[in-house]
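The structure appears right after this line, and notes come after that.
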Amino acid sequence: MQLNNRPYPDWHEGLTIRGVMEHMRFTWPKLVVKVNGQLVWPEEYDTVVLKEDDDLQIIHLLGGG
Amino acid sequence: MKRLEKDESLCIGCRQCEEACSQAFYKVSDPAKSCIRITDREDGTHAIAVCTQCGKCAEVCNTGVITQDAKGVYRLNKKECAGCLMCVGFCPENVMVQCDDYLEPSKCTACGLCVKACPTGPIRIVEE
Amino acid sequence: MIQMCNVPRYADADMAEIQKMREAHQVLKHVDYEPKDLYHGYTDKRLRIDLSANSVEILDIPQEVKEKFVGGKGYCLRYLWDATNPETKWDSPENAITMSAGPIAGITQYAGTGKCLVCTISPMTDIPIDSNVGGYFGPFLKFSGFDVLELTGKAEEDVIIVIDGNKGTISIEKAPLEHKDAHVLGEELTAMYAEDEKDRKNVAVVCSGSASEHCNLSMLNFTFYDPKRNVVRLKQAGRGGIGRVFANKHVKALVCRFKGVKANLNHVYDIGILNKDGLKFHREIATLDDKQNSMRKSGTAYSLRTLSDYDILPTRNYKYGGTDKIDEMAPEVWQNQWLTQGGADGCWYGCSMACAKTADHFLLKTGPYKGQRVCVDGPEYESAAGLGPNCGITDPQAILELNFYCDTYGVDTISYGTMTAFLMECYENGILNKERTGGLELEWGNIEADLEMLHLMARNEGFGKIAALGSHKQKEYFAKMGWGDMAFMNDIAMEQKGLEYSEYSSKESLAQQGGYGLTNKGPQHDEAWLIFMDQVNNQIPTFEDKAEALYYYPMFRTWFGLLGLCKLPWNDIVPADNSLTDEPAKVPEHVDNYLDLFYGVTGVRIDRDDMIRQSERVYNFQRIFNIRLGKGLRKNDAIPYRSQGPVTEEEYLSRQERYDGQLVEQVGLTPEQVKNMSLQEKMAATRKHREAEYERLIDAVYPKRGWTLNGVPTVAHLKELGMDLPELLAVVEPLQDAQP
Chain V
10 MQLNNRPYPD
20 WHEGLTIRGV
30 MEHMRFTWPK
40 LVVKVNGQLV
50 WPEEYDTVVL
60 KEDDDLQIIH
70 LLGGG
Chain D
15 MKRLEKDESL
25 CIGCRQCEEA
35 CSQAFYKVSD
45 PAKSCIRITD
55 REDGTHAIAV
65 CTQCGKCAEV
75 CNTGVITQDA
85 KGVYRLNKKE
95 CAGCLMCVGF
105 CPENVMVQCD
115 DYLEPSKCTA
125 CGLCVKACPT
135 GPIRIVEE
Chain L
10 MIQMCNVPRY
20 ADADMAEIQK
30 MREAHQVLKH
40 VDYEPKDLYH
50 GYTDKRLRID
60 LSANSVEILD
70 IPQEVKEKFV
80 GGKGYCLRYL
90 WDATNPETKW
100 DSPENAITMS
110 AGPIAGITQY
120 AGTGKCLVCT
130 ISPMTDIPID
140 SNVGGYFGPF
150 LKFSGFDVLE
160 LTGKAEEDVI
170 IVIDGNKGTI
180 SIEKAPLEHK
190 DAHVLGEELT
200 AMYAEDEKDR
210 KNVAVVCSGS
220 ASEHCNLSML
230 NFTFYDPKRN
240 VVRLKQAGRG
250 GIGRVFANKH
260 VKALVCRFKG
270 VKANLNHVYD
280 IGILNKDGLK
290 FHREIATLDD
300 KQNSMRKSGT
310 AYSLRTLSDY
320 DILPTRNYKY
330 GGTDKIDEMA
340 PEVWQNQWLT
350 QGGADGCWYG
360 CSMACAKTAD
370 HFLLKTGPYK
380 GQRVCVDGPE
390 YESAAGLGPN
400 CGITDPQAIL
410 ELNFYCDTYG
420 VDTISYGTMT
430 AFLMECYENG
440 ILNKERTGGL
450 ELEWGNIEAD
460 LEMLHLMARN
470 EGFGKIAALG
480 SHKQKEYFAK
490 MGWGDMAFMN
500 DIAMEQKGLE
510 YSEYSSKESL
520 AQQGGYGLTN
530 KGPQHDEAWL
540 IFMDQVNNQI
550 PTFEDKAEAL
560 YYYPMFRTWF
570 GLLGLCKLPW
580 NDIVPADNSL
590 TDEPAKVPEH
600 VDNYLDLFYG
610 VTGVRIDRDD
620 MIRQSERVYN
630 FQRIFNIRLG
640 KGLRKNDAIP
650 YRSQGPVTEE
660 EYLSRQERYD
670 GQLVEQVGLT
680 PEQVKNMSLQ
690 EKMAATRKHR
700 EAEYERLIDA
710 VYPKRGWTLN
720 GVPTVAHLKE
730 LGMDLPELLA
740 VVEPLQDAQP
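Chains as they are written, first to last, in the numbering used here: chain V, 10 to 74; chain D, 15 to 142; chain L, 10 to 749.
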């Protein structure tokens with residue numbers, strides 16, 4: 010599985026988007042998530058299960074004063 | 015506290031209340047310029063949005079130009095108002111009026127004109 | 010949780026005392042004038058006050074200045090250039106402080122539209138500094154008839170300048186009795202110039218604080234009166250020592266009174282556009298802020314914990330990117346224990362983002378106001394991060410006390426935080442010790458010593474005199490005294506061009522290293538904040554991508570300063586459907602709002618390219634201004650290694666897995682080779698690689714910006730921008746072929 014165009018080393022069966030976020034400590038409040046280019050809304054982070062060849066994008070929107 | 019109370023089951027959607035309200039200040043018949051708003055539901059009933067005098071408008075105003083009068087009605091002091099429209103944007107019932115012809119918005123004063131105009135009695139002024 | 014409705018109102022000033030102070034004023038100059046109404050956002054008038062001559066001039070702003078410089082920072086830099094020459098220093102009489110609010114400033118319908126820009130030649134960098142500040146002064150200056158204010162010369166004794174925009178009067182008055190600290194002076198002048206209690210909201214004050222006469226880190230406070238708390242609030246033009254220049258001119262304060270703020274004082278082209286977009290934005294905040302950044306609840310301090318999670322929060326002088334004690338500073342802590350909730354905390358009318366939070370009736374434990382209960386403005390993210398974890402402090406009580414005293418003394422929290430972190434690391438390394446600091450034990454997290462240093466700085470005593478220099482001059486002093494090795498101090502002092510870094514750790518983002526290093530005024534995050542795009546999202550992997558970002562974002566963000574806008578409403582809230590747009594990071598709907606606002610106010614339709622073009626003109630002007638004053642070339646864009654990689658062994662070891670991995674993935678060594686290298690060899694290889702990457706980045710960015718590889722804007726580029734002005738060509742033409 011790819012996360013933001015880098016290989017994601019901790020993929021396992023049943024891994025959800027929430028699971029990736031927790032593992033990566035992605036706590037930023039403004040995220041845009043896409044799986045294979047398809048937008049996923051926050052309500053689905055717990056239920057969408059990732060496959061081994063999925064291309065996951067978790068885009069953090071800018072911040073900074 | 016003086017405010018409008020509603021019973022939607024009695025509303026027939028005639029919009030006399032909106033007419034009365036927009037005529038009262040804006041001197042036109044325009045539902046967008048009324049502080050009471052009627053929307054038709056698909057099942058034939060009607061939703062009535064009225065000011066509950068919750069005070070959110072006063073809370074978000076940075077200059078404190080919206081204050082409660084002796085009867086608990088939140089009133090906007092137009093002379094002092096800078097027209098920032100935050101109160102309009104934050105109104106939980108979306109019943110404040112913004113109109114480009116005026117620099118300040120307006121809000122329900124619980125004057126009761128809508129109640130007088132209504133033929134079926136779903137709205138009334140209560141004082142608690 | 011502290012609710013606004015339960016916060017007692019602050020006490021009124023003692024009017025008898027105020028009267029005595031006023032009676033002690035001596036009017037040096039009084040001018041009556043006819044305030045010019047605004048038209049489509051402009052008065053086209055400039056107010057020039059020469060304090061040496063006590064002269065007040067009202068001048069026209071020519072059309073070509075308006076076309077090329079737009080307003081705000083553009084006007085500030087244009088008139089600063091005209092007032093000064095290549096030899097001007099920060100304390101030269103001809104150095105000017107210029108202030109301009111920009112054409113959109115002063116509308117009330119859209120969030121973040123009351124900003125004033127301030128420029129001067131900085132005592133820290135010796136080049137122009139620019140700062141973007143809230144409070145009411147900027148808009149009031151416009152309503153009083155002036156697009157820009159220029160202060161030059163030096164008064165002999167402390168004066169205040171009073172502008173009454175309703176009566177049409179300007180006076181320069183000796184003001185000997187008022188206090189110097191901002192939270193007191195702001196109250197005194199607000200009470201003095203308000204006709205009654207209701208009128209206090211119509212008075213805006215600009216002042217520094219008691220540190221400004223001798224401290225390079227001094228800023229300017231801009232006030233606004235908060236009618237709900239009955240207190241004067243302070244916002245800061247923080248960076249680069251503008252307060253020091255102000256005090257050097259013997260200006261104690263500026264006061265502008267204007268009664269009658271209304272929605273269309275700018276006499277805009279089409280108010281309907283402003284109403285529509287403003288209302289849409291207010292509704293967005295009302296429904297989405299709680300789900301996104303909760304700016305209305307904790308202000309910018311919301312991001313402390315989350316930045317620690319990403320290894321970006323500067324900790325112990327930027328050695329690390331986070332701390333395991335971060336929960337002490339979590340958003341819930343600020344919201345539940347310290348910051349008043351439910352206030353209308355905008356720093357200008359109509360700011361529904363309302364990030365200007367306060368800790369109310371905060372009990373001070375140290376210093377001249379010990380035992381008093383005060384209103385603390387903030388802390389903002391930068392203040393909390395710099396005063397806090399960067400110095401090993403995570404206690405909100407201490408951060409608020411430091412924040413309060415910095416504000417009232419007139420000290421920039423960012424520079425103070427970053428500088429103190431440097432001093433603490435010097436202490437840790439024996440460059441400083443108890444003897445050298447006069448007894449201050451500047452160990453990580455020593456709150457008492459930190460506060461004592463700040464109080465000493467305000468009083469210009471003991472080690473406070475050295476603290477007042479700022480890190481750049483401290484390095485030179487410590488080296489001269491034989492206390493420390495200059496090369497090591499150059500690595501760990503987080504300053505560039507003389508200005509301390511703001512509070513983001515850029516080690517793992519090459520683009521952010523450029524975002525700090527390739528700035529005009531020095532390492533401030535307000536040009537390009539690319540850490541997430543680069544380090545986390547991996548959206549700009551190539552040098553070409555990074556260069557494009559380091560072209561687009563600095564130009565885009567410069568635009569806010571030209572127009573008198575706050576940047577936060579652009580992307581500290583995003584529309585619900587922002588995810589569906591082509592470029593969510595740019596928040597396209599909000600960019601379109603800004604184009605609408607420009608059209609609604611001025612009547613001139615511009616597109617996204619025009620926006621960048623407007624900025625580019627001023628951006629290049631500022632770059633050339635730097636070159637005119639002897640900085641602004643490639644060598645001046647060099648950055649301290651602490652911002653690029655691990656300086657010390659403990660830093661390397663704390664992220665060893667990452668750095669070892671990069672030696673394989675990025676440097677091209679084999680795992681076997683890395684395994685056989687000593688720690689020193691690995692650190693040297695990492696450094697060599699990272700420093701080379703930064704040079705490659707510069708090679709990509711400069712041409713993108715239309716500059717030579719030495720960082721000089723090309724003549725062709727200036728022509729293309731319509732900025733081939735003779736005074737600019739005179740600076741850049743001789744340098745066109747010069748090699749770095």
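The beta carbon of each residue, even a glycine, is placed where N, CA and C say it ideally should be.
Requested in this report: Evaluate L/D428 with the Cβ neighbour count: other Cβ atoms within 10 Å of its Cβ, from every protein chain shown; 16 or more gives buried, anything less gives exposed.
Outcome: Sequence index remark: in the third sequence, residue 428 of chain L carries index 419 (1-based). Rather than Asp, the amino acid found at residue 428 of chain L in this sequence is Met. Looking at its Cβ environment, which holds 16 or more other Cβ atoms inside 10 Å, L/M428 is buried.
Query - CA-to-CA distance, L/L718 to L/L527, given in whole angstroms - result: Within the third sequence, the letter at position 518 stands for residue 527 of chain L. Within the third sequence, the letter at position 709 stands for residue 718 of chain L. So the alpha carbons of these two residues sit roughly 13 Å apart.
Query raised in the report: Residues of chain D with CB under 7 Å from L/L519, in chain order?
Result: Residue numbering aside, residue 519 of chain L sits at position 510 when the third sequence is read from its first letter. Simply none; closest approach about 41 Å.
**Report entry** Sequence-distant residues of its chain with Cβ nearer than 6 Å to L/I11 (five each side left out)
**Finding:** As a working note, residue 11 of chain L is residue 2 in the third sequence. Correct list, in chain order: T349.
Requested in this report: Name the residue from D/S48, D/T134, D/Q30, D/K92 whose alpha carbon lies nearest to the alpha carbon of D/C65.
Outcome: Working through the second sequence from its first residue, we reach residue 65 of chain D at position 51. Looking at the Cα atoms, D/S48 is the closest of the given residues.
Query raised in the report: So which residues of chain D does L/G570 contact, with C-beta pairs closer than 9 Å?
Result: Residue 570 of chain L sits at position 561 when you count from the first residue of the third sequence. Result: empty, since nearest Cβ-Cβ is about 22 Å, beyond 9 Å.
**Report entry** Same chain, Cβ closer than 6 Å to L/Y343, neighbours up to 5 away in sequence not counted
**Finding:** In the third sequence, residue 343 of chain L corresponds to position 334, counting from 1. The amino acid occupying residue 343 of chain L in the given sequence is Trp; Tyr does not appear at that position. So the qualifying residues of the chain are S307, A310.
Query raised in the report: L/Y48 by DSSP, collapsed to three states: which one?
Result: The residue labelled residue 48 of chain L in the question sits at position 39 within the third sequence. Strand, per DSSP.
Query raised in the report: When you compare each of L/K124, L/D205, L/A184 to L/K244 by their alpha carbons, which one comes out closest?
Result: Indexing the third sequence from 1 puts residue 244 of chain L at position 235. Checked all of L/K124, L/D205, L/A184; the closest Cα to L/K244 is L/K124.
Query raised in the report: On the three-state DSSP scale, how would you describe D/S120?
Result: One-based indexing of the second sequence puts residue 120 of chain D at position 106. D/S120: strand per DSSP, three-state reduction.
Query raised in the report: What residues in its chain sit with their C-beta under 6 Å from that of L/W492, if we drop five residues either side in the sequence?
Result: One-based indexing of the third sequence puts residue 492 of chain L at position 483. Excluding positions up to five away in sequence, the list reads I440.
Requested in this report: Can you have a look at L/L226 and say buried or exposed, based on whether 16 or more other CB atoms are within 10 angstroms of its CB?
Outcome: Stepping through the third sequence from its first residue, residue 226 of chain L is reached at position 217. So L/L226 ends up on the buried side.
Query raised in the report: Does DSSP put V/Q66 in a helix, in a strand, or in coil?
Result: For the purposes of this step, residue 66 of chain V is taken as the residue at position 57 of the first sequence. Strand at V/Q66.
Query raised in the report: In chain V, what lies closer than 8 Å to L/Q522 by C-beta?
Result: As a working note, residue 522 of chain L is residue 513 in the third sequence. Result: empty, since nearest Cβ-Cβ is about 14 Å, beyond 8 Å.
Requested in this report: Can you tell me the Cβ-Cβ gap for L/M433 and L/W453, rounded? I've got them flagged as a contact below 8 Å.
Outcome: One-based indexing of the third sequence puts residue 433 of chain L at position 424. One-based indexing of the third sequence puts residue 453 of chain L at position 444. The Cβ separation is near 6 Å, so the contact holds.
Query raised in the report: Which residue spans inside the stretch 387-419 of chain L form an unbroken alpha helix (DSSP H) run of at least 4?
Result: 390-396, 405-418
**Report entry** Members of the stretch 87-102 of chain D that neighbour chain L once the beta carbon cut-off is set at 7 Å
**Finding:** Correct list: A96, G97, C98, L99, M100, V102.
Report task. From the DSSP output, in three-state form, read off L/N275 for me. Result -> In the third sequence, residue 275 of chain L corresponds to position 266, counting from 1. Reduced to three states, the DSSP call for L/N275 is coil.
**Report entry** Top-ranked residue by Cα proximity to L/E702, from L/W579, L/K555, L/G641
**Finding:** In the third sequence, residue 702 of chain L corresponds to position 693, counting from 1. Taking only the C-alpha atoms, the option nearest L/E702 is L/K555.
Query raised in the report: Can you name, in chain order, every residue of its own chain whose Cβ lies under 8 Å from the Cβ of L/K640, other than the five neighbours on each side?
Result: Here residue 640 of chain L corresponds to residue number 631 of the third sequence, with the count starting at 1. In the same chain as L/K640, and ignoring 5 residues on each side of it, the C-beta atoms closer than 8 Å to its own belong to T134, D135, I136, K506, in chain order.
Query raised in the report: Looking at the unbroken beta strand (DSSP E) that takes in L/P137, where does it start and where does it end?
Result: Locating residue 137 of chain L in the third sequence gives position 128, counting from the first residue. Run containing L/P137: 137-142, per the beta strand (DSSP E) assignment.
Query raised in the report: Does the separation of the CB atoms of L/G426 and L/D190 fall below 9 Å?
Result: Against the third sequence, residue 426 of chain L aligns to sequence position 417. Against the third sequence, residue 190 of chain L aligns to sequence position 181. It is not a contact, given that the beta carbons lie outside the stated cut-off.
Query raised in the report: Which term fits L/A725, buried or exposed, when burial requires 16 or more other beta carbons within 10 angstroms of its beta carbon?
Result: If you number the third sequence from 1, residue 725 of chain L lands on position 716. Exposed.
Requested in this report: Identify the contact partners of V/N45 in chain L, using a Cβ-Cβ distance below 9 Å as the criterion.
Outcome: Stepping through the first sequence from its first residue, residue 45 of chain V is reached at position 36. In chain order: nothing, as chain L lies at least about 15 Å away.
Requested in this report: Output the distance between the C-alpha atoms of L/N257 and L/I58, rounded to the nearest integer angstrom.
Outcome: Against the third sequence, residue 257 of chain L aligns to sequence position 248. Against the third sequence, residue 58 of chain L aligns to sequence position 49. Straight-line Cα distance between these residues: approximately 15 Å.
Query raised in the report: Taking 9 Å as the CB-CB cut-off, is V/R27 touching chain L?
Result: As a working note, residue 27 of chain V is residue 18 in the first sequence. Taking Cβ atoms only, chain L never reaches closer than 9 Å to V/R27, which makes this a no.
Query - Run of the alpha helix (DSSP H) containing L/M304, from where it starts to where it stops - result: In the third sequence, the residue the question calls residue 304 of chain L occupies position 295. From DSSP, the alpha helix (DSSP H) with L/M304 extends over 304-307.
Report task. Excluding the 5 residues preceding and the 5 following L/P132 in the sequence, name in chain order all residues of the same chain whose CB lies nearer than 6 Å to its CB. Result -> Taking the first residue of the third sequence as 1, we reach residue 132 of chain L at position 123. Correct list, in chain order: W99, N225, G250, R253.
Requested in this report: In angstroms with no decimal places, state the Cα-to-Cα distance between D/C25 and D/A63.
Outcome: In the second sequence, counting from the first residue as 1, residue 25 of chain D sits at position 11. In the second sequence, counting from the first residue as 1, residue 63 of chain D sits at position 49. The straight-line gap from Cα to Cα measures roughly 12 Å.
**Report entry** Within the stretch 289-373 of chain L, ranges of the beta strand (DSSP E) (whole runs, at least 3 residues)
**Finding:** Every unbroken stretch of the beta strand (DSSP E) spanning 3 or more residues and falling wholly within the stretch 289-373 of chain L is given here in chain order: 367-372.
Requested in this report: Return the residues of the stretch 322-352 of chain L that lie within a Cβ-Cβ distance of less than 9 Å from chain V, sorted by chain order.
Outcome: none
Report task. Could you check what DSSP says for L/F267 in three-state terms: helix, strand or coil? Result -> Here the question's residue 267 of chain L lines up with position 258 in the third sequence. It is coil, neither helix nor strand.
Query raised in the report: Which residues of chain V have a Cβ atom closer than 7 Å to the Cβ of L/D318, listed in chain order?
Result: For this step, residue 318 of chain L is matched to residue 309 along the third sequence. Here the neighbours are R34, T36.
Report task. Within its chain, find whatever has a CB closer than 8 Å to the CB of L/I615; leave out the 5 residues flanking it on each side and keep chain order. Result -> The residue given as residue 615 of chain L occupies position 606 in the third sequence. Counting only Cβ-Cβ distances below 8 Å, and skipping sequence neighbours, we find L604, F607, Y608, Q623.
**Report entry** Three-state secondary structure assigned by DSSP to L/F233
**Finding:** The residue you call residue 233 of chain L lines up with position 224 of the third sequence. Looking at L/F233 - three-state DSSP - the assignment turns out to be strand.
**Report entry** DSSP bridge partner residues for V/P117 (one or two, in chain order)
**Finding:** The displayed coordinates of chain V run from 10 to 74. Any statement about residue 117 of chain V would go beyond what the structure contains.
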